[in-house]
Amino acid sequence: MKCPVCNGVNLVMAERQGIEIDYCPECRGVWLDRGELDKIIERSSAREAAPQQVQQPQYAQQPQYQPQPQYGHGHGHHGPKPYRKKSFLEELFD
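Numbering (the numbering used here), first residue to last: 134 to 227.
Below you can see the structure in the form of structure tokens.
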């Protein structure tokens, strides 16, 4: 069978999980024969319906550290804010 997109390139047949698919080695397009899409949908719905138990990985307990004492107020300021002279615009619109 020829690729309908590439015009002249022969499709390669491959079997994936019991379903025969045709694909083009040039454009990597995939074509399914009658009933193959139904098989894929049936298998995917069966896979979703089956309950899967996922185990959470067991991690080692992380050491718990005591909080460090805080010094000051935590703002990085030391002492009062330095005085800044107002500009004439601040005095005008204040």
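Yeah, the Cβ is synthetic: ideal placement off N, Cα and C, and Gly gets one too.
Check	Outcome
Backbone secondary structure at Glu-159 - three-state DSSP	coil
Paired residues, beta bridge with Arg-149 - DSSP	Ile-152
Residues of its chain near Cys-160, where Cβ-Cβ distance is below 6 Å and the 5 sequence neighbours each way are ignored	Val-138 and Cys-139
Buried or exposed by the 16-neighbour rule on C-beta atoms within 10 Å, applied to Leu-170	exposed
Alpha carbon of Gly-162 to alpha carbon of Tyr-156, nearest angstrom	5 Å
DSSP beta-bridge partners of Asn-140	Looking at the DSSP assignment, Asn-140 forms no beta bridge with any residue, so it has no partner.
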